[in-house]
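Below you'll find the structure, written out as structure tokens, and then a few comments.
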Amino acid sequence: MKIEACGKESRAGKLHECIVLELGCHGPHCSECRDESEGKERRKETLTLRALEELEAQTGRGWGRKRTLESEERKRERERGRFSIFEKERSTGLCAAEFIGTLVCRIDVKKRRLCTTRVCCERKLRRAGDKSFMIDAVVRMLNLNHPVVSGGTADEEVYKVLILDRFCRDILSPLIKVNDLRKHGITLYLMIDNERQNIPDVPAIYFVQATASNIQRITLDAARGIYQSFHLNFASSLPRPLLEELAGGTLKQDCLHRIAKVYDQYLEFVTLENGLFSLSQPDTYVRLNDPSAEEKDVLSVVDGIVNGLFSVLATVGVVPIIRCARGGPAEMVATLLDTRLRDHLVSRNNLFTEGGHIGSSFQRPVLCLFDRNFELSVAVQHVWSYRPLVHDVLGMKLNRVTAHPEPGTSGGKVKSAAKSYELDDSDSFWVANWNAPFPKVAEEVQIQLDKYKQDVDEVNRRTGVGKESDFSDEELMGNTKHLMSAVNSLPELTERKRMIDKHTNLATSLLGEIKSRHLDNFCSTEEDMLARGSVDKSGVLAALKGKGTKEDKLRLAIVYLLAAETTVPAEVEAVEAALREAEIDIAPFLYVKRHKSITFSPVSAAAAQAGSRSQFADWSEKFYGQAISAVTAGVKNLLSGGRQLAITRAVETLMEAKVASDADSYLLFDPRGPKGMGSAMGHSKGPFKEAIVFMIGGGNYYEYSSLQEFAQRQQPAKNIIYGTTEILSGQEFVEQLAVLGSKMN
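Here it is in structure tokens:
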């Protein structure tokens with residue numbers, strides 16, 4: 092490939108940007124050039140026989156001498172009948188304040204060239220965590236990326252098939268329901284890696300990741316002709332090598348005419364709530380902290396995180412100020428993301444051009460990057476508030492949770508079937524109580540139930556339900572009005588009843604788990620240790636020998652290790668012995684023990700230096716530039732003066748940007764400023780009204796709730812978006828610790 096600009100201007104005044112195959116051909120390269128030179132059609136025959144022979148070698152087809160003898164009319168018929176426009180629109184998922192660079196790639200039958208044209212679109216600034224905007228982007232994609240009518244529905248006459256991979260299925264799951272797909276003409280949705288039957292008279296919409304395996308499967312589907320046309324939407328930017336592979340593969344299989352359009356959506360993240368997103372990258376903590384990991388493996392993980400964050404920033408439409416602690420994965424991600432943004436900002440197809448005036452102002456957001464090692468205890472501890480409790484205990488995934496029935500009794504009672512529920516912003520009870528302690532939630536459920544019963548009784552009273560006496564004409568007229576009012580109120584009452592039943596079942600399931608696992612004892616013990624900064628060994632040992640699951644006891648033991656700044660070796664050995672006695676896998680405990688010895692304990696650190704250094708410490712210095720102790724050294728200061736999460740205190744410090752504060756210890760990157768001069772620019776340090784907080788290695792709802800509470804307490808309220816590589820429950824994170832512990836040993 093070589094890039095060559097034809098130097099002409101379109102009718103819109105935009106320069107053409109042409110990418111030409113190296114076949115020795117010159118002349119008009121794109122559609123507008125061809126339109127402007129219609130009177131010089133014969134000049135297109137300047138393609139030499141040598142170039143055609145090179146084309147034969149590339150495509151394996153006999154186009155050469157025979158093709159030069161065909162009449163103009165015959166050639167045009169072949170163009171119309173066998174090849175069509177192969178378009179690639181580089182959009183940002185219809186997001187905000189940016190150029191949507193549209194690449195119209197035409198495979199010219201005569202010259203076999205790949206040509207591109209840029210088109211500019213203006214969008215309003217939107218949030219990556221705004222579900223309504225993400226839904227609009229998905230709906231437009233389902234409408235073949237055409238503007239959506241005011242009703243928000245697709246043309247009923249255009250029926251389509253939706254093809255997904257697993258990652259993009261998770262993107263859509265919190266945004267749109269299966270029943271809603273039919274409103275937009277989707278009659279069937281299928282997985283790309285499953286065998287599918289031919290539906291040759293229906294267009295297909297593909298929404299997949301930009302991977303080599305997906306490109307191969309799309310090429311195979313197009314070659315088989317299982318759909319009428321293919322509208323390809325990639326979650327992230329389709330790299331040039333994969334675009335060439337797609338073009339070459341479809342050309343070789345003689346199915347290029349089936350490819351209608353190719354879009355870069357820049358939606359490679361899962362929006363769970365307004366202000367909450369996940370990159371859905373599993374096992375990131377293990378892959379970044381694996382003592383046996385090679386440098387290329389670590390860089391691959393970091394590169395994936397940078398790609399996901401770039402999609403988020405492209406959706407937000409502004410270039411943020413980047414802050415991170417020194418050392419660790421956060422610095423690696425910040426450095427690479429800064430480079431990626433700088434390189435992109437100088438390119439012609441700049442996604443952030445429309446937001447330039449915003450990006451250069453004092454209102455740019457700050458992107459705060461943290462590593463999971465910054466505060467391990469939050470990822471492990473038991474939490475008593477409603478939303479984290481539902482996620483941890485009932486296993487909420489992609490805003491869907493299953494309420495399991497209570498265990499059957501010996502009396503032979505039939506168990507009720509498990510029910511699945513959606514928990515999102517449309518649920519008013521969920522929004523109002525997701526941060527409330529569980530006992531208060533149970534009380535609120537009863538209050539709502541009593542209020543519902545009163546409203547139903549009032550409707551019955553006003554409509555005369557249950558009266559046996561006859562009505563007079565006047566009473567009948569009044570009763571008719573009340574009856575009409577009651578009918579109008581039925582949908583609202585029905586929805587309230589459905590919501591109350593849902594949260595009653597959830598509260599019942601939670602209560603059953605709390606009783607059987609004694610979660611209240613674990614929560615109170617852990618919170619007491621973390622709040623006081625000291626531990627009660629006797630209380631911990633009593634809990635380890637008491638009731639509860641092995642997993643809950645292991646999490647308590649890990650919190651015990653992390654709660655105190657220093658621990659007595661004899662007490663730690665006693666806790667470890669209690670775990671062994673209970674037949675609990677202690678690999679996670681040993682890993683955290685080693686982590687703590689490197690991080691906080693001066694005695695353990697001196698002992699480690701006197702002997703041979705651990706592979707874990709060597710690896711952390713090799714890839715992160717310094718020991719993990721430097722990454723987490725500030726946590727104890729952030730937790731002092733009240734029980735507030737370290738990440739919340741850190742974000743508050745970075746957003747307020749007070750003079751001589753702890754914020755000065757954080758690295759600063761300004762992709763719009765001179766390289767290496769970000770810290771010298773005063774406006775880059777804040778204060779900030781908006782922030783994107785991103786946790787590398789797994790986040791949780793407890794941190795998200797803490798940040799939202801902080802944002803709402805401010806006057807005026809601040810806007811904070813929380814994101815992470817993946818949303819993990821306490822048990823899921825302990826499983827990753829177990830993997831690292833086994834590798835460490």
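Heads up: take any position in the sequence shown, counting from 1, add 91, and you land on our numbering.
Beta carbons: idealized from backbone N, C-alpha and C, even for Gly.
CB-CB length for residue i against residue j, believed under 8 Å
| i | j | result |
| --- | --- | --- |
| Ser369 | Ile818 | 5 Å |
| Ser476 | Pro528 | 6 Å |
| Pro373 | Val409 | No, Pro373 and Val409 are not in contact; Cβ-Cβ is about 29 Å, not under 8 Å. |
| Ile317 | Ile296 | Contact doesn't hold; Cβ gap of about 14 Å is too wide. |
| Ile254 | Leu272 | Ile254 to Leu272, Cβ: 13 Å. No contact. |
| Ala655 | Ser625 | 6 Å |
| Asp76 | Gln300 | Residue 76 lies beyond the residue range present for the chain, which begins at 92 and ends at 836; the question has no answer from this structure. |
| Ile309 | Glu336 | Incorrect: roughly 10 Å between the Cβ atoms, too far for contact. |
| Ala782 | Met746 | 6 Å |
| Val742 | Val784 | 6 Å |
| Leu432 | Pro765 | Incorrect: roughly 14 Å between the Cβ atoms, too far for contact. |
| Lys644 | Leu635 | 5 Å |
| Arg417 | Leu758 | 6 Å |
| Gly639 | Arg608 | 6 Å |
| Ala313 | Thr341 | 5 Å |
Per-residue DSSP class, three states only, for residue i
| i | result |
| --- | --- |
| Ser511 | strand |
| Val825 | helix |
| Asp292 | coil |
| Asn365 | coil |
| Ala673 | coil |
| Asp462 | strand |
| Ser476 | strand |
| Arg491 | strand |
| Val659 | coil |
| Val626 | coil |
| Ile283 | coil |
| Gly172 | Note that Gly172 scores 37 on pLDDT, short of 50, meaning its location in the model is unreliable; the coordinates nonetheless yield the value given after this. Gly172 falls in the helix class under three-state DSSP. |
| Asn596 | helix |
| Ile267 | coil |
| Tyr297 | strand |
| Lys375 | First, the amino acid is wrong: residue 375 is Thr here, not Lys. Thr375 falls in the helix class under three-state DSSP. |
| Pro530 | helix |
| Val252 | strand |
| Thr278 | strand |
| Leu75 | Only positions 92 to 836 of the chain appear in the structure, and residue 75 is not among them; the question remains open. |
| Leu370 | coil |
| Leu584 | helix |
| Leu758 | strand |
| Asp516 | coil |
| Leu736 | coil |
Cβ pair residue i, residue j closer than 7 Å
| i | j | result |
| --- | --- | --- |
| Leu379 | Ile413 | no |
| Thr375 | Gly788 | yes |
| Gly790 | Ala748 | no |
| Val481 | Leu736 | no |
| Ile591 | Gln539 | yes |
| Arg491 | Glu466 | no |
| His604 | Val484 | Position check: residue 604 holds Glu in this sequence, whereas His was assumed. Taking 7 Å as the Cβ cut-off, Glu604 and Val484 qualify as a contacting pair. |
| Tyr354 | Asn524 | no |
| Leu266 | Ile226 | yes |
| Cys259 | Ala303 | no |
| Gly486 | Pro679 | no |
| Ser600 | His495 | yes |
| Arg231 | Val471 | no |
Below-7 Å beta-carbon distance, residue i vs any chain C residue
| i | result |
| --- | --- |
| Ala508 | Among the protein chains of the structure shown there is no chain C, as only one such chain exists. |
Exercise for the section: Jot down the residue ranges of each uninterrupted beta strand (DSSP E) in the stretch 760-818, minimum 3 residues, whole runs only, in chain order. Expected result: 781-787, 810-815
Practice task
Please go through the stretch 399-458 and give each complete alpha helix (DSSP H) segment of 4 or more residues, from N-terminal end onward.
Solution key: 419-436, 447-450
Practice task
Report yes or no: do three or more beta-carbon pairs, one from the stretch 804-816 and one from the stretch 668-677, lie closer than 8 Å?
Solution key: no
Exercise for the section: Pair every Cβ in the stretch 792-802 with every Cβ in the stretch 468-482, then say whether three or more of these pairs are closer than 8 Å. Expected result: yes
Exercise for the section: Say whether the stretch 581-590 touches the stretch 614-622, bearing in mind that this needs 3 or more beta-carbon pairs closer than 8 Å, one atom from each stretch. Expected result: no
Handout entry: Stretch-stretch touch, CB-based, cutoff 8 Å, three pairs: the stretch 385-402 with the stretch 417-425
Key = yes
Handout entry: Three CB pairs or more closer than 8 Å across the stretch 378-394 and the stretch 345-357
Key = no
Problem - Contiguous beta strand (DSSP E) assignments of at least 3 residues, all confined to the stretch 317-363 - result: 321-325, 350-355
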